[in-house]
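Trainee:
Residue numbers (this note's numbering): 2 to 416.
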(Lines of atoms letter the chains of each structure in order from A; the text may use other names.)
(Lines give C-alpha, C1' and ligand atoms only; values in the text may rest on other atoms or scores of the structure.)
Protein backbone atom coordinates (compact mmCIF):
# COMPACT_ATOMS: atom_id res chain seq x y z
CA UNK A 2 0.00 0.00 0.00
CA UNK A 3 2.89 2.35 0.71
CA UNK A 4 4.96 1.33 -2.33
CA UNK A 5 3.43 3.80 -4.85
CA UNK A 6 4.26 6.64 -2.47
CA UNK A 7 7.96 5.75 -2.65
CA UNK A 8 8.25 6.65 -6.32
CA UNK A 9 8.87 10.41 -5.95
CA UNK A 10 11.58 9.79 -3.35
CA UNK A 11 13.40 6.63 -4.46
CA UNK A 12 12.47 6.26 -8.12
CA UNK A 13 12.79 9.71 -9.62
CA UNK A 14 14.75 8.20 -12.51
CA UNK A 15 11.43 6.92 -13.93
CA UNK A 16 10.69 10.49 -15.03
CA UNK A 17 13.91 10.60 -17.09
CA UNK A 18 13.75 8.07 -19.95
CA UNK A 19 17.50 8.24 -20.56
CA UNK A 20 18.24 7.42 -16.92
CA UNK A 21 15.94 4.44 -16.35
CA UNK A 22 18.55 1.73 -16.98
CA UNK A 23 21.18 3.29 -14.73
CA UNK A 24 18.57 4.08 -12.11
CA UNK A 25 17.00 0.64 -11.91
CA UNK A 26 20.39 -1.09 -11.80
CA UNK A 27 21.57 1.24 -9.05
CA UNK A 28 18.41 0.60 -7.05
CA UNK A 29 18.59 -3.14 -7.68
CA UNK A 30 22.23 -3.37 -6.59
CA UNK A 31 21.54 -1.49 -3.36
CA UNK A 32 18.57 -3.71 -2.55
CA UNK A 33 20.61 -6.80 -3.46
CA UNK A 34 23.46 -5.82 -1.13
CA UNK A 35 20.95 -5.10 1.63
CA UNK A 36 19.36 -8.54 1.22
CA UNK A 37 22.78 -10.17 0.95
CA UNK A 38 23.98 -8.55 4.16
CA UNK A 39 20.81 -9.43 6.05
CA UNK A 40 20.98 -13.09 5.08
CA UNK A 41 24.74 -13.37 5.65
CA UNK A 42 24.31 -12.08 9.19
CA UNK A 43 21.27 -14.28 9.71
CA UNK A 44 23.21 -17.39 8.68
CA UNK A 45 25.97 -16.43 11.11
CA UNK A 46 23.45 -16.14 13.94
CA UNK A 47 21.75 -19.43 13.06
CA UNK A 48 24.98 -21.40 12.73
CA UNK A 49 27.21 -19.87 15.38
CA UNK A 50 24.72 -18.66 17.98
CA UNK A 51 21.62 -20.64 17.03
CA UNK A 52 19.19 -22.12 19.53
CA UNK A 53 20.12 -25.64 18.38
CA UNK A 54 23.78 -25.38 19.41
CA UNK A 55 23.34 -25.62 23.23
CA UNK A 56 21.14 -28.69 22.72
CA UNK A 57 23.26 -30.52 20.15
CA UNK A 58 26.78 -29.62 21.32
CA UNK A 59 27.02 -32.31 24.05
CA UNK A 60 25.86 -35.04 21.64
CA UNK A 61 27.00 -36.54 18.33
CA UNK A 62 25.06 -34.97 15.49
CA UNK A 63 24.72 -35.25 11.73
CA UNK A 64 26.15 -31.80 11.01
CA UNK A 65 25.49 -31.83 7.22
CA UNK A 66 21.83 -32.65 7.93
CA UNK A 67 21.76 -29.87 10.51
CA UNK A 68 23.15 -27.38 7.98
CA UNK A 69 20.52 -28.40 5.42
CA UNK A 70 17.82 -27.91 8.05
CA UNK A 71 19.22 -24.49 9.00
CA UNK A 72 19.23 -23.41 5.35
CA UNK A 73 15.56 -24.31 5.00
CA UNK A 74 14.65 -22.59 8.25
CA UNK A 75 16.62 -19.41 7.56
CA UNK A 76 15.24 -19.27 4.01
CA UNK A 77 11.67 -19.52 5.29
CA UNK A 78 12.25 -16.92 8.01
CA UNK A 79 13.99 -14.62 5.53
CA UNK A 80 11.37 -14.72 2.77
CA UNK A 81 10.18 -11.33 3.94
CA UNK A 82 13.22 -9.77 2.21
CA UNK A 83 12.57 -10.77 -1.43
CA UNK A 84 8.81 -10.45 -0.96
CA UNK A 85 9.26 -7.00 0.56
CA UNK A 86 11.48 -5.94 -2.35
CA UNK A 87 8.89 -7.21 -4.83
CA UNK A 88 6.26 -5.02 -3.16
CA UNK A 89 8.60 -2.05 -2.77
CA UNK A 90 9.54 -2.07 -6.46
CA UNK A 91 5.98 -2.30 -7.77
CA UNK A 92 6.05 1.31 -9.15
CA UNK A 93 8.80 0.17 -11.55
CA UNK A 94 6.21 -1.87 -13.46
CA UNK A 95 5.02 1.38 -15.07
CA UNK A 96 8.35 1.51 -16.96
CA UNK A 97 7.90 -2.04 -18.24
CA UNK A 98 7.95 -5.58 -16.85
CA UNK A 99 11.64 -6.01 -17.65
CA UNK A 100 12.54 -2.98 -15.51
CA UNK A 101 10.57 -4.31 -12.55
CA UNK A 102 11.90 -7.85 -12.92
CA UNK A 103 15.47 -6.56 -13.20
CA UNK A 104 15.34 -4.88 -9.80
CA UNK A 105 13.57 -7.84 -8.18
CA UNK A 106 15.93 -10.32 -9.86
CA UNK A 107 19.03 -8.49 -8.63
CA UNK A 108 17.67 -8.34 -5.08
CA UNK A 109 16.69 -12.01 -5.16
CA UNK A 110 20.21 -12.89 -6.30
CA UNK A 111 21.73 -11.00 -3.38
CA UNK A 112 19.33 -12.76 -1.02
CA UNK A 113 20.22 -16.19 -2.43
CA UNK A 114 23.95 -15.49 -2.31
CA UNK A 115 23.78 -14.45 1.33
CA UNK A 116 21.77 -17.55 2.21
CA UNK A 117 23.81 -20.13 0.31
CA UNK A 118 27.27 -18.62 0.85
CA UNK A 119 26.79 -17.73 4.49
CA UNK A 120 26.93 -21.25 5.89
CA UNK A 121 29.97 -22.42 3.86
CA UNK A 122 31.90 -19.23 4.59
CA UNK A 123 31.29 -19.37 8.34
CA UNK A 124 32.23 -23.05 8.52
CA UNK A 125 35.17 -22.46 6.19
CA UNK A 126 36.43 -19.68 8.44
CA UNK A 127 37.17 -22.23 11.16
CA UNK A 128 39.04 -24.43 8.68
CA UNK A 129 40.98 -21.41 7.38
CA UNK A 130 42.02 -20.39 10.89
CA UNK A 131 43.60 -23.81 11.44
CA UNK A 132 45.24 -24.00 8.03
CA UNK A 133 49.07 -23.69 8.21
CA UNK A 134 49.11 -22.13 4.77
CA UNK A 135 46.91 -19.22 5.88
CA UNK A 136 48.62 -18.63 9.22
CA UNK A 137 50.68 -15.76 7.83
CA UNK A 138 47.60 -13.98 6.50
CA UNK A 139 45.78 -14.28 9.81
CA UNK A 140 48.80 -12.98 11.68
CA UNK A 141 48.59 -9.82 9.57
CA UNK A 142 44.89 -9.14 10.11
CA UNK A 143 43.93 -10.67 13.45
CA UNK A 144 45.29 -7.91 15.70
CA UNK A 145 45.08 -8.99 19.35
CA UNK A 146 42.51 -11.72 18.62
CA UNK A 147 43.40 -15.43 18.52
CA UNK A 148 43.31 -16.87 15.00
CA UNK A 149 40.09 -18.83 15.42
CA UNK A 150 38.29 -15.90 16.98
CA UNK A 151 39.52 -13.57 14.24
CA UNK A 152 38.26 -15.98 11.60
CA UNK A 153 34.72 -15.91 12.98
CA UNK A 154 34.86 -12.14 13.37
CA UNK A 155 35.80 -11.63 9.73
CA UNK A 156 33.55 -14.37 8.32
CA UNK A 157 30.42 -12.20 7.85
CA UNK A 158 32.52 -9.64 5.99
CA UNK A 159 33.90 -12.36 3.73
CA UNK A 160 30.38 -13.58 3.01
CA UNK A 161 29.32 -10.03 2.14
CA UNK A 162 32.33 -9.60 -0.17
CA UNK A 163 31.66 -12.85 -2.04
CA UNK A 164 28.00 -11.96 -2.36
CA UNK A 165 28.96 -8.54 -3.72
CA UNK A 166 31.04 -10.23 -6.44
CA UNK A 167 27.99 -12.20 -7.55
CA UNK A 168 25.75 -9.14 -7.40
CA UNK A 169 28.25 -7.13 -9.44
CA UNK A 170 28.31 -9.78 -12.16
CA UNK A 171 24.51 -9.92 -12.14
CA UNK A 172 24.32 -6.13 -12.48
CA UNK A 173 26.63 -6.26 -15.49
CA UNK A 174 24.40 -8.90 -17.05
CA UNK A 175 21.28 -6.86 -16.35
CA UNK A 176 22.78 -3.83 -18.07
CA UNK A 177 23.63 -5.95 -21.11
CA UNK A 178 20.16 -7.48 -21.15
CA UNK A 179 18.39 -4.12 -20.93
CA UNK A 180 20.65 -2.85 -23.73
CA UNK A 181 19.39 -5.58 -26.05
CA UNK A 182 21.98 -8.34 -25.55
CA UNK A 183 19.81 -11.25 -24.44
CA UNK A 184 22.74 -13.42 -23.35
CA UNK A 185 23.45 -10.93 -20.58
CA UNK A 186 20.37 -12.08 -18.67
CA UNK A 187 22.15 -15.34 -17.89
CA UNK A 188 24.53 -13.43 -15.64
CA UNK A 189 21.61 -12.73 -13.30
CA UNK A 190 22.09 -16.33 -12.18
CA UNK A 191 25.69 -15.68 -11.07
CA UNK A 192 24.92 -15.18 -7.34
CA UNK A 193 22.82 -18.34 -7.30
CA UNK A 194 25.48 -20.39 -9.10
CA UNK A 195 28.27 -19.20 -6.80
CA UNK A 196 26.10 -19.88 -3.76
CA UNK A 197 25.06 -23.32 -4.98
CA UNK A 198 28.68 -24.35 -5.66
CA UNK A 199 29.78 -23.14 -2.23
CA UNK A 200 26.91 -24.92 -0.52
CA UNK A 201 27.55 -28.14 -2.48
CA UNK A 202 31.09 -28.21 -1.06
CA UNK A 203 29.87 -27.75 2.52
CA UNK A 204 28.84 -31.25 3.75
CA UNK A 205 32.27 -32.84 3.34
CA UNK A 206 33.89 -30.17 5.54
CA UNK A 207 31.12 -29.31 7.98
CA UNK A 208 31.53 -31.53 11.05
CA UNK A 209 34.96 -30.61 12.41
CA UNK A 210 34.57 -26.80 11.97
CA UNK A 211 31.15 -26.91 13.64
CA UNK A 212 32.48 -28.51 16.81
CA UNK A 213 35.71 -26.51 16.79
CA UNK A 214 33.57 -23.36 16.85
CA UNK A 215 31.93 -24.73 20.00
CA UNK A 216 35.25 -24.62 21.84
CA UNK A 217 35.81 -21.02 20.81
CA UNK A 218 32.33 -19.97 21.90
CA UNK A 219 32.89 -21.60 25.29
CA UNK A 220 36.12 -19.60 25.71
CA UNK A 221 34.47 -16.32 24.67
CA UNK A 222 31.43 -16.85 26.89
CA UNK A 223 33.63 -17.78 29.82
CA UNK A 224 35.78 -14.68 29.41
CA UNK A 225 32.72 -12.43 29.16
CA UNK A 226 31.14 -14.01 32.23
CA UNK A 227 34.31 -13.38 34.22
CA UNK A 228 34.33 -9.70 33.27
CA UNK A 229 30.60 -9.07 33.50
CA UNK A 230 29.51 -6.38 35.95
CA UNK A 231 26.51 -7.63 37.97
CA UNK A 232 25.13 -4.09 38.23
CA UNK A 233 25.31 -3.63 34.46
CA UNK A 234 23.38 -6.86 33.94
CA UNK A 235 20.59 -5.51 36.14
CA UNK A 236 20.38 -2.09 34.46
CA UNK A 237 17.45 -1.55 32.11
CA UNK A 238 16.99 1.08 29.40
CA UNK A 239 14.62 3.90 30.54
CA UNK A 240 13.84 2.24 33.88
CA UNK A 241 14.79 5.52 35.60
CA UNK A 242 11.71 7.19 34.08
CA UNK A 243 9.23 4.93 35.88
CA UNK A 244 9.16 7.17 38.96
CA UNK A 245 7.37 9.90 37.00
CA UNK A 246 4.29 7.72 36.44
CA UNK A 247 1.40 6.86 38.77
CA UNK A 248 2.11 4.20 41.38
CA UNK A 249 -0.53 1.84 40.00
CA UNK A 250 1.19 1.83 36.60
CA UNK A 251 4.79 1.39 37.73
CA UNK A 252 4.88 -2.43 38.18
CA UNK A 253 3.63 -3.01 34.65
CA UNK A 254 5.97 -0.42 33.14
CA UNK A 255 8.89 -2.01 34.98
CA UNK A 256 7.87 -5.46 33.75
CA UNK A 257 7.60 -4.36 30.11
CA UNK A 258 10.81 -2.32 30.15
CA UNK A 259 12.75 -5.23 31.62
CA UNK A 260 11.17 -7.73 29.27
CA UNK A 261 11.84 -5.56 26.22
CA UNK A 262 15.45 -4.77 27.14
CA UNK A 263 16.48 -8.26 28.20
CA UNK A 264 14.63 -10.34 25.62
CA UNK A 265 14.43 -7.98 22.61
CA UNK A 266 17.34 -5.57 23.02
CA UNK A 267 18.10 -5.65 19.31
CA UNK A 268 14.76 -4.01 18.54
CA UNK A 269 15.47 -1.18 20.98
CA UNK A 270 18.97 -0.46 19.70
CA UNK A 271 17.72 -1.02 16.16
CA UNK A 272 15.29 1.87 16.62
CA UNK A 273 18.23 4.22 17.21
CA UNK A 274 20.07 2.71 14.26
CA UNK A 275 17.11 3.37 11.96
CA UNK A 276 16.85 6.85 13.42
CA UNK A 277 20.42 7.49 12.30
CA UNK A 278 19.48 6.25 8.82
CA UNK A 279 16.63 8.78 8.76
CA UNK A 280 19.06 11.45 9.95
CA UNK A 281 21.02 11.28 6.68
CA UNK A 282 18.31 12.82 4.42
CA UNK A 283 17.25 15.20 7.23
CA UNK A 284 20.76 16.68 7.41
CA UNK A 285 20.18 18.89 4.39
CA UNK A 286 18.97 22.34 3.39
CA UNK A 287 16.89 20.90 0.54
CA UNK A 288 13.18 21.71 0.54
CA UNK A 289 12.26 18.01 0.37
CA UNK A 290 14.59 16.94 3.20
CA UNK A 291 11.72 16.59 5.68
CA UNK A 292 9.68 14.52 3.22
CA UNK A 293 12.53 12.12 2.54
CA UNK A 294 13.34 11.77 6.22
CA UNK A 295 9.66 11.24 7.10
CA UNK A 296 9.36 8.50 4.49
CA UNK A 297 12.26 6.57 6.05
CA UNK A 298 11.35 7.34 9.66
CA UNK A 299 7.70 6.38 9.09
CA UNK A 300 8.70 3.00 7.71
CA UNK A 301 11.11 2.51 10.61
CA UNK A 302 8.36 3.33 13.11
CA UNK A 303 6.06 0.80 11.45
CA UNK A 304 8.79 -1.84 11.69
CA UNK A 305 9.81 -1.21 15.31
CA UNK A 306 6.17 -0.97 16.38
CA UNK A 307 5.87 -4.70 15.65
CA UNK A 308 7.86 -5.19 18.84
CA UNK A 309 4.55 -4.90 20.68
CA UNK A 310 3.37 -8.12 19.12
CA UNK A 311 6.72 -9.79 19.82
CA UNK A 312 6.49 -8.77 23.48
CA UNK A 313 3.06 -10.36 23.66
CA UNK A 314 4.20 -13.59 22.01
CA UNK A 315 7.23 -13.94 24.29
CA UNK A 316 5.24 -13.14 27.44
CA UNK A 317 4.65 -16.34 29.45
CA UNK A 318 0.93 -17.03 29.12
CA UNK A 319 0.85 -18.84 32.45
CA UNK A 320 2.19 -15.75 34.22
CA UNK A 321 -0.65 -13.56 32.99
CA UNK A 322 -3.15 -16.28 33.87
CA UNK A 323 -1.68 -16.67 37.36
CA UNK A 324 -1.24 -13.00 38.23
CA UNK A 325 -4.34 -11.85 36.28
CA UNK A 326 -3.20 -8.21 35.88
CA UNK A 327 -5.95 -5.63 35.24
CA UNK A 328 -6.27 -5.24 31.44
CA UNK A 329 -6.30 -1.44 31.18
CA UNK A 330 -3.11 -0.63 33.17
CA UNK A 331 -1.36 -3.55 31.47
CA UNK A 332 -2.33 -2.27 28.01
CA UNK A 333 -1.43 1.31 28.89
CA UNK A 334 2.00 0.27 30.18
CA UNK A 335 2.70 -1.72 27.01
CA UNK A 336 1.70 1.23 24.83
CA UNK A 337 3.87 3.67 26.79
CA UNK A 338 6.82 1.30 26.59
CA UNK A 339 6.47 1.00 22.82
CA UNK A 340 6.09 4.75 22.40
CA UNK A 341 9.27 5.31 24.43
CA UNK A 342 11.17 2.80 22.30
CA UNK A 343 9.96 4.50 19.10
CA UNK A 344 11.59 7.77 20.15
CA UNK A 345 14.90 6.33 18.99
CA UNK A 346 13.58 6.65 15.44
CA UNK A 347 12.10 10.13 15.90
CA UNK A 348 14.80 12.03 17.78
CA UNK A 349 17.84 11.88 15.40
CA UNK A 350 16.15 13.23 12.23
CA UNK A 351 14.25 15.83 14.26
CA UNK A 352 17.48 17.18 15.75
CA UNK A 353 19.10 17.18 12.31
CA UNK A 354 16.26 19.24 10.83
CA UNK A 355 16.36 21.63 13.78
CA UNK A 356 20.06 22.27 13.21
CA UNK A 357 19.89 22.58 9.41
CA UNK A 358 16.52 24.26 8.86
CA UNK A 359 15.42 25.65 12.20
CA UNK A 360 12.85 24.90 14.86
CA UNK A 361 9.80 25.55 12.69
CA UNK A 362 10.80 22.91 10.15
CA UNK A 363 11.63 20.46 12.93
CA UNK A 364 8.26 21.07 14.62
CA UNK A 365 6.38 20.48 11.37
CA UNK A 366 8.33 17.26 10.98
CA UNK A 367 8.08 15.87 14.50
CA UNK A 368 4.37 16.42 15.19
CA UNK A 369 3.05 14.04 12.49
CA UNK A 370 5.80 11.55 13.32
CA UNK A 371 4.82 11.57 17.00
CA UNK A 372 1.18 11.08 16.01
CA UNK A 373 2.23 8.08 13.93
CA UNK A 374 4.37 6.75 16.80
CA UNK A 375 1.43 7.05 19.19
CA UNK A 376 -0.93 5.27 16.79
CA UNK A 377 1.57 2.47 16.20
CA UNK A 378 2.22 2.12 19.94
CA UNK A 379 -1.51 1.62 20.52
CA UNK A 380 -1.76 -0.82 17.61
CA UNK A 381 1.32 -2.73 18.80
CA UNK A 382 0.01 -2.97 22.36
CA UNK A 383 -3.31 -4.36 21.14
CA UNK A 384 -1.51 -6.77 18.80
CA UNK A 385 0.51 -8.00 21.77
CA UNK A 386 -2.68 -8.88 23.59
CA UNK A 387 -3.67 -10.99 20.57
CA UNK A 388 -0.32 -12.83 20.69
CA UNK A 389 0.32 -14.89 17.53
CA UNK A 390 -2.85 -13.68 15.81
CA UNK A 391 -1.88 -10.03 16.22
CA UNK A 392 0.88 -9.68 13.61
CA UNK A 393 -1.27 -9.59 10.46
CA UNK A 394 -3.73 -6.95 11.78
CA UNK A 395 -0.83 -4.86 13.04
CA UNK A 396 0.93 -4.95 9.67
CA UNK A 397 -2.23 -3.77 7.91
CA UNK A 398 -2.72 -0.90 10.36
CA UNK A 399 0.98 0.04 10.24
CA UNK A 400 1.05 0.05 6.43
CA UNK A 401 -2.06 2.24 6.26
CA UNK A 402 -0.68 4.64 8.86
CA UNK A 403 2.69 4.88 7.11
CA UNK A 404 0.99 5.40 3.76
CA UNK A 405 -1.18 8.14 5.27
CA UNK A 406 1.83 9.96 6.69
CA UNK A 407 3.77 9.66 3.44
CA UNK A 408 0.83 10.83 1.34
CA UNK A 409 0.29 13.79 3.64
CA UNK A 410 3.95 14.80 3.45
CA UNK A 411 4.07 14.47 -0.33
CA UNK A 412 0.87 16.43 -0.93
CA UNK A 413 1.52 19.04 1.72
CA UNK A 414 -1.42 17.95 3.84
CA UNK A 415 0.89 17.16 6.77
CA UNK A 416 3.52 19.69 7.74
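For every residue, glycine included, the Cβ atom is placed at its ideal position computed from N, Cα and C.
Count the other CB atoms within 10 Å of the CB of residue 266; is the residue buried (16 or more) or exposed (fewer)?
Mentor: exposed
Trainee: Compare the Cα-Cα distances from residue 173 to each of 25, 64, 287 and 161 and report the closest residue.
Mentor: 25
Trainee: Going along the chain, which residues of its own chain have a beta-carbon closer than 8 angstroms to the beta-carbon of residue 251, five neighbours each way excluded?
Mentor: 243 and 244
Trainee: Does the structure place the region 322–339 close enough to the region 387–397 that three or more beta carbon pairs sit under 8 angstroms?
Mentor: no
Trainee: Which word fits residue 113, buried or exposed, when buried means at least 16 other C-beta atoms lie within 10 angstroms of its C-beta?
Mentor: buried
Trainee: If residue 369 sits next to residue 283, beta carbons under 8 angstroms apart, how far is it from one beta carbon to the other, in whole angstroms?
Mentor: About 14 angstroms separates the two Cβ atoms, so there is no contact after all.
Trainee: Would you call the region 378–388 in contact with the region 260–277, where contact means no fewer than 3 C-beta pairs closer than 8 angstroms?
Mentor: no
Trainee: What is the C-beta distance between residue 261 and residue 314, in whole angstroms, given that I count them as a contact (C-beta under 8 angstroms)?
Mentor: Contact flag wrong, Cβ pair sits at about 13 angstroms.
Trainee: My output table needs one value for residue 17: the three-state DSSP class, helix, strand or coil.
Mentor: coil
Trainee: Mind checking whether residue 118 and residue 71 have CB atoms under 8 angstroms apart?
Mentor: Taking 8 angstroms as the cut-off, the Cβ atoms of residue 118 and residue 71 do not count as close.
Trainee: For residue 1, does the count of other Cβ atoms within 10 angstroms reach 16, so buried, or fall short, so exposed?
Mentor: Since the first and last residues shown for the chain are 2 and 416, residue 1 lies out of range.
Trainee: Can you give me the Cβ contacts of residue 367 inside the same chain, cut-off strictly under 6 angstroms, excluding the 5 residues immediately before and after it?
Mentor: 351
Trainee: Classify residue 265 as helix, strand or coil using the three-state DSSP reduction.
Mentor: Coil at residue 265, not helix or strand.
Trainee: Taking the C-alpha atoms as reference points, what is the distance between residue 247 and residue 280?
Mentor: 34 angstroms
Trainee: Given this structure, state the Cα-to-Cα distance separating residue 311 from residue 45, to the nearest angstrom.
Mentor: 22 angstroms
Trainee: Count the C-beta pairs between the region 29–42 and the region 79–88 that are closer than 8 angstroms, then say yes if the count reaches three, no if not.
Mentor: Verdict: yes, contact present.
Trainee: Can you tell me where the alpha helix (DSSP H) with residue 350 in it begins and where it stops?
Mentor: 328–358
Trainee: Jot down the residue ranges of each uninterrupted alpha helix (DSSP H) in the region 70–107, minimum 4 residues, whole runs only, in chain order.
Mentor: 81–89
Trainee: Which of the three DSSP states is assigned to residue 407 in this structure?
Mentor: The answer is helix: DSSP assigns residue 407 an H, G or I state.
Trainee: Just mark residue 111 as buried or exposed, buried being the case when its beta carbon has 16 or more other beta carbons within 10 Å.
Mentor: Residue 111 should be labelled buried.
Trainee: Rounded to whole angstroms, what is the Cα-Cα separation between residue 345 and residue 359?
Mentor: 20 angstroms
Trainee: What residue does the alpha helix (DSSP H) around residue 310 start on, and which one ends it?
Mentor: 308–315
Trainee: Taking the continuous alpha helix (DSSP H) assigned at residue 195, which residues delimit it?
Mentor: Unbroken alpha helix (DSSP H) run through residue 195: 191–201.
Trainee: With a cut-off of 8 angstroms on the beta carbons, I'd call residue 96 and residue 28 a contact; round off their distance for me.
Mentor: Actually they do not touch by this definition, with Cβ atoms about 12 angstroms apart.
Trainee: Tell me the DSSP secondary structure of residue 248 in three-state form.
Mentor: coil
Trainee: Does DSSP classify residue 51 as helix, strand or coil?
Mentor: Here residue 51 sits in coil by DSSP.
Trainee: Between residue 108 and residue 93, is the Cβ-Cβ spacing less than 8 angstroms?
Mentor: The Cβ atoms of residue 108 and residue 93 lie no closer than 8 angstroms to each other.
Trainee: Just to check my reading of the structure: residue 122 and residue 156 have Cβ atoms closer than 8 angstroms, yes? What is that Cβ distance to the nearest angstrom?
Mentor: 6 angstroms
Trainee: Buried or exposed: which applies to residue 192, given that a residue is buried once 16 or more other Cβ atoms fall within 10 Å of its Cβ?
Mentor: buried
Trainee: Between residue 399 and residue 306, is the Cβ-Cβ spacing less than 8 angstroms?
Mentor: yes
Trainee: For a test of the three-state rule: what should DSSP assign to residue 256, helix, strand or coil?
Mentor: helix
Trainee: Within the same chain, show all residues whose beta-carbon is closer than 6 angstroms to that of residue 309, passing over the 5 residues directly before and after it, in chain order.
Mentor: Closer than 6 angstroms at Cβ, skipping near neighbours: 339, 381, 382, 384 and 385.
Trainee: Quick one: does the C-beta of residue 310 sit closer than 7 angstroms to a heavy atom of the ligand FAD?
Mentor: You won't find the ligand FAD in this model; it holds no ligand whatsoever.
Trainee: Go ahead and label residue 20 buried or exposed: buried means 16 or more other beta carbons lie within 10 angstroms of its beta carbon, across all protein chains shown.
Mentor: Residue 20 counts as exposed, since fewer than 16 other beta carbons sit within 10 angstroms of its beta carbon.
Trainee: Compare the beta carbon distance of residue 116 and residue 87 with 8 angstroms and say whether it is the shorter of the two.
Mentor: no
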